[in-house]
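Only one structure is covered here, and it is reproduced in the block below.
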RNA sequence: CGGGGUAUAGCGCAGCUUGGUAGCGCGCUUCGUUCGGGACGAAGAGGCCGGGGGUUCAAAUCCCCCUACCCCGACCA
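Residue numbers (the working numbering): 71 to 751.
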């Protein structure tokens with residue numbers, strides 16, 4: 071057994087080897103903070119350490135005085151207590167819960183890791199808590215490793231901080247709001263940007279204090295309209311959220327890259343496949359955001375993948391600028407009769423009937439330019455305290471639908487919706503189904519109606535391209551309308567849906583689309599929150615300047631579910647070493663005393679070596695049940711004492727998936743298991 | 001918020017059409033047999049049949065009104 075000692079002079083922790091003495095004597099006076107590597111196991115001793123049982127230590131905790139603050143211990147081999155299934159609070163289920171829709175939700179409940187309380191709300195059982203702790207340990211270590219400091223905010227917060235950023239209202243229905251007995255408004259925090267910002271504002275006021283990075287691991291609450299997929303979209307979930315505060319943009323870039331690097335290490339260690347996708351740039355200039363998606367078919371996010379390996383959130387996709395087309399030989403724009411052609415389908419049919427092309431091919435939807443009117447709902451600003459509504463016309467190829475989410479992303483923070491009857495009625499020049507560029511944008515002239523309407527063309531519309539488009543009269547369209555020659559636009563916008571095979575933004579080839587679950591996001595907030603909440607520090611010149619902020623989130627409980635999604639088979643879970651609730655699952659099968667004695671012996675050897683063991687010591691439970699439970703629970707190694715132990719004096723050791731099964735003499739089992747653990751993953 | 005569905009024991013379900021005082025499997029308790037792939041027998045415990053109202057001699061069952069949950073389409077870690 072290894073042990074920990076304290077060097078009195080330096081107060082450093084040192085390894086004292088196999089002394090059997092565990093922790094330094096406690097001083098009754100001072101408590102300090104100790105941070106430990108996540109794979110360290112310290113012997114629990116109530117007089118010395120406030121540690122929960124023999125489970126892994128949290129990343130930091132209060133310890134007696136002799137351990138100086140921030141001392142790091144890196145030790146293996148401390149003894150740890152096995153979890154005995156005869157007493158473990160656990161009940162596995164033979165059947166899937168009726169309302170579980172994805173494998174992780176089914177298996178985590180069946181194997182006794184979590185229990186559903188209400189939609190999107192789960193109780194963590196001992197095995198589940200253990201895995202959750204391990205995920206958190208990995209996150210803590212990596213985030214501590216880049217110098218961020220952990221804090222912890224309340225989940226229950228007063229309304230006021232969220233007023234300043236308008237999020238009390240803007241968060242809408244997703245916010246859990248409640249009142250205290252005096253009628254004061256409170257909320258269950260869905261996120262903590264405001265609190266972090268205000269905390270730094272409260273405590274810091276000089277450039278000398280920066281940079282600083284803070285984080286917490288917290289339970290968050292969102293009143294999701296439709297919780298689903300078990301832990302993947304819950305109403306209560308565990309999240310790590312981090313924030314960086316820097317004096318300038320360069321500092322922000324560094325903090326962002328540090329955090330991003332930590333995320334890559336975290337997901338690698340956790341055994342989660344991930345894709346980093348470029349996310350939509352916010353309205354603040356220069357801000358950057360990337361999402362970490364776990365590629366899973368059950369994912370709710372669609373991302374676009376280029377042959378280069380780069381990936382984009384659909385909202386963040388940009389269309390490569392189309393090459394200008396030389397249309398010097400194109401005939402002049404002419405008006406053609408197109409009766410009853412309010413839809414693209416009808417129009418194409420009408421064109422082929424009445425105005426067949428000269429070049430022999432048929433008209434298609436791709437030849438048409440449709441013009442849609444949308445309403446942009448701008449939020450309140452100085453001139454419009456209640457916000458304002460602007461009509462905008464968008465021209466896009468007739469063979470593509472408008473993607474309202476992509477379009478909206480470009481008007482953020484404004485929202486958009488389709489123009490309603492009243493909107494169109496206020497513009498008599500708009501003839502439904504026949505709206506054309508002549509009444510829009512630069513060529514609009516001085517038509518009498520409510521307001522000027524901006525005209526934006528989709529990024530697929532190339533300069534010099536030729537179109538059939540509306541002529542602003544019932545039954546009339548314009549043919550040979552050339553963009554740039556016959557009509558112009560006020561700007562270019564990404565309005566059209568993206569399709570499989572579209573060219574990627576980096577020009578590396580056609581895009582393909584996949585589904586993913588968002589497990590993390592890194593985001594350069596810029597000055598948004600510091601300005602809204604007036605977070606400023608004095609710079610070298612004594613001038614108050616706003617602080618640059620970044621925010622970085624990982625959905626801890628969601629990641630856990632994604633690990634379960636990625637590491638299971640039809641028989642149950644199969645955890646990677648980094649998060650498994652134990653390293654080895656020892657089964658004592660049969661009814662013979664010898665088998666149980668051999669298992670007990672093995673378990674105590676493993677305990678002394680600090681190996682986390684799940685020990686199925688249940689009497690009078692048939693072997694089949696124990697095998698099935700082991701496969702459900704998914705501990706990486708399984709060691710079986712039973713028939714072979716009686717007959718041959720051996721213990722069978724195998725991987726969770728049944729592969730690499732070996733039988734070794736009882737007295738060698740512990741060593742073989744240790745070797746196998748070292749070789750895992 | 002639109003469309004579809006469900007609500008009966010800890011879990012998974014039947015019963016409802018055609019009212020008659022609640023059943024199956026798993027799990028749980030006790031005893032015996034079994035013991036390397038979710039064993040068997042016997043005996044048990046456990047239910048305001050989601051809530052409210054109505055019809056009826058009688059309602060899990062028929063009628064009305066709620067509520068909750070699940071699945072499919074617009075928001076989010």
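All C-beta atoms in this analysis are idealised placements derived from N, C-alpha and C, irrespective of residue type, glycine included.
Note that the coordinates shown come from a computational prediction; the quantities given were computed from them, not determined experimentally.
9 angstroms Cβ cutoff met for residue i and residue j
i: residue 630; j: residue 202; result: yes
i: residue 409; j: residue 435; result: no
i: residue 266; j: residue 257; result: no
i: residue 284; j: residue 220; result: yes
i: residue 539; j: residue 548; result: yes
i: residue 329; j: residue 505; result: no
i: residue 700; j: residue 687; result: no
i: residue 314; j: residue 620; result: yes
i: residue 575; j: residue 376; result: yes
i: residue 421; j: residue 406; result: yes
i: residue 552; j: residue 403; result: yes
i: residue 507; j: residue 545; result: no
i: residue 590; j: residue 612; result: no
i: residue 359; j: residue 593; result: yes
i: residue 65; j: residue 710; result: As shown, the chain starts at 71 and ends at 751. That puts residue 65 outside it, with no answer to give.
i: residue 180; j: residue 193; result: no
i: residue 160; j: residue 197; result: yes
i: residue 476; j: residue 567; result: yes
i: residue 366; j: residue 636; result: yes
i: residue 587; j: residue 370; result: yes
Nonlocal neighbours in the same chain, by C-beta distance under 8 angstroms from residue i, ignoring five residues either side
i: residue 243; result: 293 and 295
i: residue 705; result: 645, 650, 651, 652, 653, 654, 655, 684 and 726
i: residue 718; result: 733
i: residue 714; result: 720, 721, 722 and 733
Close-in-space but distant-in-sequence residues of the same chain around residue i (CB under 7 angstroms, 5 per side omitted)
i: residue 339; result: 208 and 648
i: residue 299; result: 171, 172, 175 and 368
i: residue 485; result: 447 and 478
i: residue 560; result: 511, 512, 524, 525 and 526
i: residue 206; result: 287 and 626
i: residue 393; result: 532
i: residue 457; result: 447, 448, 449 and 450
i: residue 502; result: 412 and 494
i: residue 735; result: 719 and 720
i: residue 731; result: 722 and 724
i: residue 750; result: 647 and 706
Same chain only: Cβ atoms within 6 angstroms of residue i, ignoring 5 sequence neighbours per side
i: residue 56; result: Not covered by the structure: residue 56. The range shown for the chain is 71 to 751.
i: residue 347; result: 361, 363, 373, 381, 382 and 383
i: residue 469; result: 435 and 436
i: residue 572; result: 581
i: residue 424; result: none
Which listed residue (the options) has its alpha carbon closest to that of residue i
i: residue 557; options: 574, 569, 535 and 546; result: 535
i: residue 441; options: 672, 471 and 276; result: 471
i: residue 579; options: 379, 544 and 546; result: 379
i: residue 297; options: 191, 344, 225 and 400; result: 191
i: residue 696; options: 290, 658 and 488; result: 658
i: residue 633; options: 187, 748 and 302; result: 302
i: residue 307; options: 225, 592 and 237; result: 225
i: residue 386; options: 667, 480, 622 and 675; result: 480
i: residue 745; options: 689, 681, 487 and 729; result: 681
i: residue 429; options: 455, 400 and 453; result: 400
i: residue 277; options: 608, 748 and 665; result: 608
i: residue 497; options: 482, 463, 487 and 476; result: 463
i: residue 724; options: 199, 237 and 743; result: 743
The ligand ADP heavy atom lying under 8 angstroms from the CB of residue i
i: residue 159; result: This structure simply doesn't include the ligand ADP, nor any ligand for that matter.
For residue i: DSSP bridge partner residues
i: residue 709; result: 656 and 723
i: residue 715; result: Answer is none; residue 715 lacks a bridge partner.
i: residue 638; result: 643
i: residue 286; result: 311
i: residue 220; result: 285
i: residue 573; result: 580
Task: Length at least 3, wholly inside the segment 530-559: the beta strand (DSSP E) runs in chain order - done: Fully contained in the segment 530-559 are the following beta strand (DSSP E) runs of length 3 or more, in chain order: 536-543 and 546-552.
- [ ] Output the residue ranges of the beta strand (DSSP E) runs that lie fully inside the segment 401-433 and measure 3 residues or longer, sorted by chain position.
- [x] Along the length of the segment 401-433, whole beta strand (DSSP E) runs at least 3 residues long occupy 404-407, reported in chain order.
Task: Length-filtered (4 minimum) alpha helix (DSSP H) runs lying within the segment 587-633 - done: Runs found: 598-602.
Task: Residue ranges of each beta strand (DSSP E) within the segment 428-508, 3 or longer - done: Runs of the beta strand (DSSP E) inside the segment 428-508: 438-448, 458-467 and 485-488.
Task: Complete runs of the alpha helix (DSSP H) confined to the segment 174-252 [at least 4 residues] - done: For the segment 174-252, whole alpha helix (DSSP H) runs of length 4 or above, ordered along the chain, are 196-215, 230-234 and 237-240.
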